[in-house]
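Only one structure is covered here, and it is reproduced in the block below.
Residue numbers (the numbering used here): 169 to 366.
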C-alpha cells in the first residue's frame, strides 16, 4: 500500500469514527506520523480526500459483498451475512459522519449517494432474482419495486431526524429494515431458512 492509499484508508477510518468536521488534516498527519505537507502533496484539499475515502470504502464494501455471495449456500445465508457485516461496519460509524457529510459537503454527499444507490439497486436486484430461482422469494413480487423500496429504507438509516441515534441505535434500525423486508417477501421455505440460520 503506497502512502496515498494509506492516507485514504486512515482518513476514512477517522472520519467514520469521529465525524468529518472534527478531523483536520493535522489529525490525519499525526495518526500516520507524516507531515501535513505529504498529505497536500497527494490531495488538493479535504474535499478530495473525503471523496477518495468514500470511493475506497465503497470498493471495500463491494469486495466484501462479492465474497459473501460467492460463499453463501443460498440467498438467506447471504442476507444474514450482509446483516452481520453491515451491523459491524455501522457500529463503528459515528452518527455525526453522515450529518457532517450532508451539511458540510452536500455536493459530495449527493454524488456518492447516487452512485451508491445505483450499485445497491443492481446488487439487490440480482439477489432477488436469485432468491426467486431458489424458491426463497415469492414469485409475484416485482424485483425492481422491492429493490427501490429497500434502498430508500436503507438510506433512512443516516437520517437523524427520522431515527435520532440517542433513541434508535443505527444497527438496530438496519437490522429491523433487513429482517422485516426479508420476512415480507419470502416463501414458507424462505422463512424456515431464515429462522433456522438466524
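Each residue gets a CB set at the ideal place from its N, CA and C atoms; glycine is no exception. For clarity, every value in this text was computed on a predicted model and none was experimentally measured.
Secondary structure of residue i, DSSP reduced to three states
i           : result
residue 224 : helix
residue 305 : strand
residue 354 : strand
residue 203 : coil
residue 330 : coil
residue 211 : coil
residue 335 : coil
Residue i vs residue j beta-carbon contact at 8 Å
i           : j           : result
residue 213 : residue 204 : no
residue 273 : residue 187 : no
residue 328 : residue 345 : no
residue 243 : residue 288 : no
residue 291 : residue 311 : no
residue 182 : residue 199 : yes
residue 248 : residue 366 : yes
residue 246 : residue 237 : yes
residue 224 : residue 254 : no
CA nearest to the CA of residue i, picked from the options
i           : options            : result
residue 323 : 196, 309, 270, 202 : 270
residue 220 : 305, 349, 288, 176 : 176
residue 192 : 362, 310, 235, 215 : 215
residue 172 : 348, 211, 287      : 211
residue 341 : 263, 277, 325      : 325
residue 218 : 235, 277, 257      : 277
residue 260 : 184, 349, 331      : 184
residue 298 : 180, 174, 240      : 240
residue 279 : 332, 222, 362, 257 : 222
Extent of the continuous alpha helix (DSSP H) to which residue i belongs
i           : result
residue 194 : 193-200
residue 179 : 171-186
residue 244 : 243-259
residue 240 : Segment: none, residue 240 is in no alpha helix (DSSP H) and carries neither H nor E.
residue 265 : 263-272
residue 317 : 311-324
Any C-beta of chain B under 8 Å from that of residue i
i           : result
residue 337 : In the displayed structure, chain B is absent; only one protein chain is listed.
Does the segment 300-315 come close enough to the segment 346-359 to have 3 or more Cβ pairs within less than 8 Å? yes
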